[in-house]
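Residue numbering for the sequence shown follows this note's numbering, starting at 3 and increasing by one per position.
From the three backbone atoms N, C-alpha and C, an ideal C-beta is built for every residue, glycine too.
Computed from a prediction, not measured in an experiment: that's the story for all the values here.
Comments concern the structure below.
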Amino acid sequence: MIDCNVLIVGGGLAGLSAAVHLRRAGVEDVMVIERMSGEQYGHYHRTCGEAISDRMLRLSGIEADCAVRRIDEAVITCAGVDISVRVKGQIIDRERLLEAMRTQSGARIVTGSVRSVRRDADGYTVMTGSEEYRCRYLIGADGAFSIVRKSIFGHVPEVRIATVNNIVRGDSDSGTIRFSVSPEYNGLYTWDFPSKDGLRSVGYTIGDDDVEGYVERGIRYIVTSNDRTVVKEDCCIVGDAAILANPLCYGGIGVALLSGRKAAEAIAKNDLGRYQRWARRAPMLDHHYMEAYRTVRAWAPEDYPDAVVPFRRGSSFILLRGAYGMVRRPKWANVYTSIWMGFKFCW
Ligand SMILES: Cc1cc2nc3c(=O)[nH]c(=O)nc-3n(C[C@H](O)[C@H](O)[C@H](O)COP(=O)(O)OP(=O)(O)OC[C@H]3O[C@@H](n4cnc5c(N)ncnc54)[C@H](O)[C@@H]3O)c2cc1C
Numbered sequence: 003m004i005d006c007n008v009l010i011v012g013g014g015l016a017g018l019s020a021a022v023h024l025r026r027a028g029v030e031d032v033m034v035i036e037r038m039s040g041e042q043y044g045h046y047h048r049t050c051g052e053a054i055s056d057r058m059l060r061l062s063g064i065e066a067d068c069a070v071r072r073i074d075e076a077v078i079t080c081a082g083v084d085i086s087v088r089v090k091g092q093i094i095d096r097e098r099l100l101e102a103m104r105t106q107s108g109a110r111i112v113t114g115s116v117r118s119v120r121r122d123a124d125g126y127t128v129m130t131g132s133e134e135y136r137c138r139y140l141i142g143a144d145g146a147f148s149i150v151r152k153s154i155f156g157h158v159p160e161v162r163i164a165t166v167n168n169i170v171r172g173d174s175d176s177g178t179i180r181f182s183v184s185p186e187y188n189g190l191y192t193w194d195f196p197s198k199d200g201l202r203s204v205g206y207t208i209g210d211d212d213v214e215g216y217v218e219r220g221i222r223y224i225v226t227s228n229d230r231t232v233v234k235e236d237c238c239i240v241g242d243a244a245i246l247a248n249p250l251c252y253g254g255i256g257v258a259l260l261s262g263r264k265a266a267e268a269i270a271k272n273d274l275g276r277y278q279r280w281a282r283r284a285p286m287l288d289h290h291y292m293e294a295y296r297t298v299r300a301w302a303p304e305d306y307p308d309a310v311v312p313f314r315r316g317s318s319f320i321l322l323r324g325a326y327g328m329v330r331r332p333k334w335a336n337v338y339t340s341i342w343m344g345f346k347f348c349w
């Protein structure tokens with residue numbers, strides 16, 4: 003049996019961010035259990051658009067030289083209309099970021115796949131195939147299918163979207179990330195982001211599209227929900243394990259890093275309730291995003307052209323256009339605001 007003070011299940015962005023901030027706050031005896039290693043781990047974490055806003059990176063407090071491309075515009079194409087949102091962010095080299103966080107955390111990181119988690123009188127017992135761990139605090143950072151969430155919290159994501167991300171050859175010099183919304187994607191969309199070294203990331207929901215000639219392809223799930231229960235006694239969940247990604251823009255990197263930070267700071271103060279209060283109040287986790295998502299998922303084919311009518315004459319001065327849209331199409335007001343806010347503040 004191995005004992006530690008804080009045990010983190012999952013060595014991805016959320017888990018390693020928690021480990022880095024625990025160390026900064028002076029919390030000792032921290033362990034991370036990660037089920038993957040080597041190329042399997044790299045492939046899993048490369049299956050992503052890798053876009054993060056400057057604002058979220060700053061809020062997360064993670065410092066690492068991992069930017070590969072500046073991003074200054076998001077273009078959403080719907081019913082033949084391009085809607086442009088000015089943004090400030092970057093495409094990151096996620097493997098470099100993870101490596102930097104591993105070094106900064108100073109935590110004991112072990113390879114193992116957690117199979118069961120249970121609450122005891124004075125902490126938690128966590129079992130992998132070959133080892134038993136005991137800890138005072140437990141952090142579930144084990145992604146969309148979190149075993150910690152399942153065992154301790156019991157709630158499931160409202161939505162699971164199976165996506166395919168393809169790395170393809172193409173122009174990686176652009177600062178624009180593109181989204182294409184159409185009835186054929188059933189209220190969802192495809193994305194096309196610049197990457198590094200003459201590569202792009204092109205993705206979509208499984209079964210909705212296809213690209214040929216990809217250099218690499220990965221499949222992963224995006225989960226969304228409005229359940230903001232992230233703390234139970236001395237256990238908390240962060241990042242995708244806590245189902246925190248934005249349902250409209252799928253932004254989950256920033257909130258994974260930030261929730262790891264908030265959980266770590268709460269543990270350092272011996273008051274996990276602080277993290278729960280943050281999750282309930284943070285504007286980026288507001289319930290309006292999920293409501294807008296549900297509205298768009300329920301759109302009939304004729305709703306797509308209808309929703310973009312206010313943007314037909316051009317999409318510059320997007321705020322003004324959005325306000326005009328709300329007057330002309332009040333029934334889509336929450337969709338306009340949530341998409342704008344989502345692309346501005348939630349990735
Ligand atoms: C195709 C795609 C594109 C995306 N594009 C973007 C984007 O451009 N921008 C953005 O902001 N977000 C994007 N996201 C969302 C973002 O990738 C996730 O929200 C983010 O990875 C969440 O990080 P995490 O650390 O919480 O979880 P994960 O990245 O899933 O990490 C969880 C870790 O836990 C480990 N683990 C799981 N189970 C166990 C277990 N039982 N035992 C031990 N270890 C375990 C896993 O191996 C993994 O390393 C995208 C998601 C997908 C699927």
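query	result
Are the Cβ atoms of T113 and S39 separated by less than 7 Å?	yes
Do G17 and A102 have their C-beta atoms within less than 7 Å of each other?	no
Nearest CA to the CA of L246: which residue from V77, M33 and V158?	V158
Between the C-alpha atoms of Y191 and I224, what's the straight-line distance to the nearest angstrom?	13 Å
If we count the other Cβ atoms within 10 Å of its Cβ and call it buried at 16 or more, is I85 buried or exposed?	buried
Just to confirm the assignment: which complete beta strand (DSSP E) runs, minimum length 3, are found wholly within the segment 64-90?	69-80
Buried or exposed: which applies to N168, given that a residue is buried once 16 or more other Cβ atoms fall within 10 Å of its Cβ?	buried
Are at least three pairs of beta-carbons, each pair with one atom in the segment 175-183 and one in the segment 126-135, less than 8 Å apart?	no
When DSSP builds the beta bridges, which residues end up paired with Y135?	I4 and V128
Do I73 and Q92 have their CB atoms nearer than 7 Å?	yes
Taking the alpha helix (DSSP H) that I341 falls in, what are its first and last residues?	A335 to F347
Identify which residue in A53, I54, M33 and G344 has its Cα closest to the Cα of Y139.	M33
Determine whether the Cβ of P285 lies closer than 7 Å to any Cβ atom of chain D.	Judged by its chain identifiers, the structure shown contains no chain D, having just a single protein chain.
Using a Cβ-based criterion (distance less than 6 Å to any ligand heavy atom), does L15 qualify as near ligand 2?	With respect to ligand 2, the structure shown offers nothing to examine, as its ligands consist of ligand 1.
Along the chain, where does the alpha helix (DSSP H) that runs through T231 open and close?	Counting along the chain, T231 falls outside any alpha helix (DSSP H), and DSSP gives it neither H nor E.
To which residues of the same chain is I64 closer than 7 Å at the C-beta, ignoring the five residues directly before and after it?	S19, V22, M103 and L259
Identify, in the order they occur along the chain, each residue of the same chain with its Cβ nearer than 6 Å to the Cβ of D5, setting aside the five sequence neighbours on each side.	R136
If you reduce the DSSP assignment to three classes, tell me which class G172 lands in.	coil
If we ignore side chains and look at the alpha-carbon of each, how far apart do E134 and E36 end up?	14 Å
Could you check which residue in S62, G256, C68 and Y252 has the C-alpha nearest to that of A164?	Y252
Verify the contact flag: S115, CB atom, against every heavy atom of ligand 1, threshold strictly below 6 Å.	yes
Just tell me which of G189, K346 and I179 has its CA closest to the CA of V204.	I179
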